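Here's the structure we're looking at; comments come further down.
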Amino acid sequence: MFLFQNHVDKYTCVAKNIAGEDKHDFFLSLLGTNNFLHKIFQQSICRRPKIDSSNVAVEIQVNVGRSATLMCPATGSPEPTIAWLKDGRSFDYSSTKHRFTNSARQLQILEASGADSGRYTCIATNSVGAADLDIFLTVIDAPELAGPETEPVTVVLNKAGELVCDAKGTEPMTIEWQKGGRTINSGAELSNALVQSTYLKISERGRKLHLLSAQRSDATRWTCLVKNSAGEARKNFDLSVQIPPTVNETASSSPIMSVLPGDQFKLDCVVDGNPPPLITWSMEDEPLKLSDFVVLTNNNQTVWVRRANNTNAGRYHCDAENSVGSASRSYIVRVTGPPILDLSPSGNAVEELNLLVGDHSVLKCQVLSSGGSDPNQLITKWIIDGSPVEKLGEISSSVSLDNSKIVIHNARLSDTGEYTCIVENGAGQARKKFVIHILERPRFLDTTNTHYSVIEGRPLMIDCLVTGTPKPTVTWLKVGYSCYSPDSQLTLKYFAQ
Numbered sequence: 415m416f417l418f419q420n421h422v423d424k425y426t427c428v429a430k431n432i433a434g435e436d437k438h439d440f441f442l443s444l445l446g447t448n449n450f451l452h453k454i455f456q457q458s459i460c461r462r463p464k465i466d467s468s469n470v471a472v473e474i475q476v477n478v479g480r481s482a483t484l485m486c487p488a489t490g491s492p493e494p495t496i497a498w499l500k501d502g503r504s505f506d507y508s509s510t511k512h513r514f515t516n517s518a519r520q521l522q523i524l525e526a527s528g529a530d531s532g533r534y535t536c537i538a539t540n541s542v543g544a545a546d547l548d549i550f551l552t553v554i555d556a557p558e559l560a561g562p563e564t565e566p567v568t569v570v571l572n573k574a575g576e577l578v579c580d581a582k583g584t585e586p587m588t589i590e591w592q593k594g595g596r597t598i599n600s601g602a603e604l605s606n607a608l609v610q611s612t613y614l615k616i617s618e619r620g621r622k623l624h625l626l627s628a629q630r631s632d633a634t635r636w637t638c639l640v641k642n643s644a645g646e647a648r649k650n651f652d653l654s655v656q657i658p659p660t661v662n663e664t665a666s667s668s669p670i671m672s673v674l675p676g677d678q679f680k681l682d683c684v685v686d687g688n689p690p691p692l693i694t695w696s697m698e699d700e701p702l703k704l705s706d707f708v709v710l711t712n713n714n715q716t717v718w719v720r721r722a723n724n725t726n727a728g729r730y731h732c733d734a735e736n737s738v739g740s741a742s743r744s745y746i747v748r749v750t751g752p753p754i755l756d757l758s759p760s761g762n763a764v765e766e767l768n769l770l771v772g773d774h775s776v777l778k779c780q781v782l783s784s785g786g787s788d789p790n791q792l793i794t795k796w797i798i799d800g801s802p803v804e805k806l807g808e809i810s811s812s813v814s815l816d817n818s819k820i821v822i823h824n825a826r827l828s829d830t831g832e833y834t835c836i837v838e839n840g841a842g843q844a845r846k847k848f849v850i851h852i853l854e855r856p857r858f859l860d861t862t863n864t865h866y867s868v869i870e871g872r873p874l875m876i877d878c879l880v881t882g883t884p885k886p887t888v889t890w891l892k893v894g895y896s897c898y899s900p901d902s903q904l905t906l907k908y909f910a911q
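Remember, our numbering sits 414 above the position in the sequence shown when you count from 1.
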């Protein structure tokens, strides 16, 4: 083979198999027979350094803790010297983290950290010139979150709050929010399939989750999950929703209560709130006095009075308070018994009255005691012969209901009957019955035949037709004598003057 000037160059032998490859460079020079040719050839084989970057990665990303290899395929004649800079400054060749191979054409960074990120410059120099190549290394830091792994957060019901995911790491990072273990967003967008975005909002590329109006159901664990190619980090937020106290009116006792003397009673003030409210009781604007007969139970939500008396009657007040609000409820307790009526002179609850036809009378229940309740709150009802009187006004042509009184005017026989008065309050009722008898004086029905003639020895029947209530007793009189007949007929069989 004949060698000429154009054959002067670098020749590379590459050996490959399935395990890898290796290569070796050969530099060909031609030697002349005299100094003139040698000088010509010497000038022809000296070349400036050259770095072929066509097959070299000039932007490298590596996860933190992994190794990165930077290549500087420099050529030149004579053989160039390779030097490295980082971010324009001299390189620390003594560091054990850095390894140089192939005459410094390869720089290996071991266990890369964030501090290793930057611009690496490879500089190749020889006697005739220099060349350089910039390689940019990015060490991807795994996400880190500030603060404790689990953080308690408090927000007030229907008020705004926010959860902050203070994430640090190499972008790009994705931030995912979870509520009770369920993902609620995709990137910086809310998943409307799980939550309504009307009260949740995400900002700062997912780093902040805003609760515009906190709800009871938000009291759960929220999780911020941050990911990139180097790893992931998570932070939990245990959200507590503070709730101002409210009184459950349905579950609490009625605001007005009537109890019988000697009975037990309780006042329930069922309160909801978070933190649990402090409940206090007062009576007539004074702190409630507790005793063996007046005790508090059920976390002060219930006042229990074992035996009621007049001192337990009055206005009670339940006050509930926590750090975010207060609520109250009032109760009025009346210690009352059933009404007491003025009964008949004999003390009997049944009074009998006899009235003559045409008489006028008023039936009323005289209340001696309202039982401790407001007399104006008493209810009076009437029952006539078992039938309730439903409304005021005329009951019959001779009987009417006037407020709480039965008025009988121009009494008739049909007005005879039982009239029952019922007076009631919240504690019970009292009854009084009037048994009315309508009487009618005896009255002769026929006064036309007052003279009779009869043949001596013949019988004679004289009719004395009379009416009255009760049925009249008929007595017959003859001038100077008296006789009795059980009915209204008198029969004389043997009549003699």
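Beta carbons: idealized from backbone N, C-alpha and C, even for Gly. Remember, predicted model here, so these are calculated numbers, not experimental data.
Query: Note down, in chain order, each residue of its chain lying with its Cβ closer than 6 Å to the Cβ of His-438, except the 5 sequence neighbours on either side.; Result: Cys-427
Query: Taking 8 Å as the cut-off, decide whether the C-beta atoms of Asn-839 and Ser-758 are in contact.; Result: no
Query: Express the C-alpha separation of Ser-696 and Val-655 in angstroms, rounding to a whole number.; Result: 29 Å
Query: Spatial neighbours of Gly-871 within its chain, please: C-beta separation below 6 Å, excluding the five flanking residues on both sides.; Result: none
Query: Trp-796 to Tyr-833, Cα distance in whole Å?; Result: 7 Å
Query: Which runs of the beta strand (DSSP E), 3 residues or longer, sit entirely within the segment 836-860?; Result: 842-858
Query: Could you tell me the alpha carbon to alpha carbon distance between Gln-610 and Val-570, rounded to whole angstroms?; Result: For Gln-610, the pLDDT reaches just 48, beneath the cut-off of 50, and the residue's location in the model is therefore unreliable, although a value from the coordinates is still provided. So the alpha carbons of these two residues sit roughly 19 Å apart.
Query: From the DSSP secondary-structure annotation, give me the bridge partner or partners of Met-697.; Result: Glu-700 and Tyr-730
Query: Leaving out five residues before and five after Asn-817 in sequence, what residues of the same chain have Cβ atoms less than 6 Å from its Cβ?; Result: none
Query: Skipping 5 residues on each side, what residues in its chain have a beta carbon closer than 7 Å to that of Phe-858?; Result: Leu-879 and Val-880
Query: Measure the Cβ-Cβ separation of Thr-830 and Ile-850 and say whether it is below 8 Å.; Result: yes
Query: In the DSSP output, which residue or residues are listed as bridge partners for Ile-549?; Result: Tyr-534
Query: Please go through the segment 711-779 and give each complete beta strand (DSSP E) segment of 3 or more residues, from N-terminal end onward.; Result: 716-719, 728-736, 739-749, 764-770 and 775-777
Query: What three-state label does DSSP hand Ile-809 in the structure shown?; Result: coil
Query: Give me the Cα-Cα distance between Val-837 and Ala-763, rounded to the nearest whole angstrom.; Result: 13 Å
Query: Within 10 Å of its beta-carbon, does Gly-594 have 16 or more other beta-carbons around it, so buried, or fewer, so exposed?; Result: exposed
Query: Could you please give me the residues that DSSP links to Cys-460 through a beta bridge?; Result: In the DSSP output, where bridge partners are listed per residue, Cys-460 has none listed.
Query: Could you work out which residue in Pro-562, Val-717, Glu-435 and Ala-471 is closest to Phe-679 when comparing CA atoms only?; Result: Val-717
Query: Taking Leu-692 as the reference, give the member of Asp-652, Thr-889, Thr-564 and Val-738 with the closest Cα.; Result: Val-738
Query: Output the boundary residues of the beta strand (DSSP E) element that contains Pro-865.; Result: Going by the sequence as given, residue 865 is His instead of Pro. His-865 -> no beta strand (DSSP E), and no H or E assigned at all.
Query: Can you name, in chain order, every residue of its own chain whose Cβ lies under 7 Å from the Cβ of Arg-721, other than the five neighbours on each side?; Result: Gly-676, Gln-678 and Phe-707
Query: Taking contact to mean 3 or more Cβ pairs, one atom from each stretch, closer than 8 Å, check whether the segment 506-515 and the segment 579-589 are in contact.; Result: no
Query: Any idea if Gln-715 is buried or exposed, counting beta-carbon neighbours within 10 angstroms, 16 or more meaning buried?; Result: buried
Query: Would you mind sorting Phe-651 into buried or exposed? The rule is 16 or more other CB atoms within 10 Å of its CB.; Result: buried
Query: Grab me the residues of Asp-466's own chain with a C-beta within less than 8 Å of its C-beta, minus the 5 sequence neighbours each way, in chain order.; Result: Pro-487 and Thr-489
Query: With DSSP run on the structure shown, which of helix, strand or coil describes Asp-423?; Result: coil
Query: Taking Phe-514 as part of the beta strand (DSSP E), name the residues at either end of that continuous run.; Result: 512-515
Query: Are the CB atoms of Gly-479 and Glu-435 nearer to each other than 8 Å?; Result: no
Query: Could you check where the beta strand (DSSP E) with Phe-651 kicks off and where it finishes?; Result: 645-661
Query: Considering only the alpha carbon of each residue, which of Lys-819, Ile-554 and Val-771 lies closest to Gly-882?; Result: Val-771
Query: Does the segment 551-564 come close enough to the segment 618-632 to have 3 or more Cβ pairs within less than 8 Å?; Result: no
Query: Short of 8 Å in beta carbon distance, which residues of its chain neighbour Arg-621, apart from the five on each side in sequence? Order them along the chain.; Result: Val-578, Cys-579, Asp-580, Ala-581 and Ile-589
Query: Below 8 Å between beta carbons: does that hold for Gly-575 and Leu-625?; Result: yes
Query: So for Ser-672, helix, strand or coil by DSSP?; Result: strand
Query: If you count every other CB in all the chains shown that lies within 10 Å of the CB of Lys-846, and 16 or more means buried, which is it?; Result: buried
Query: Under three-state DSSP, which class holds Ser-828?; Result: helix
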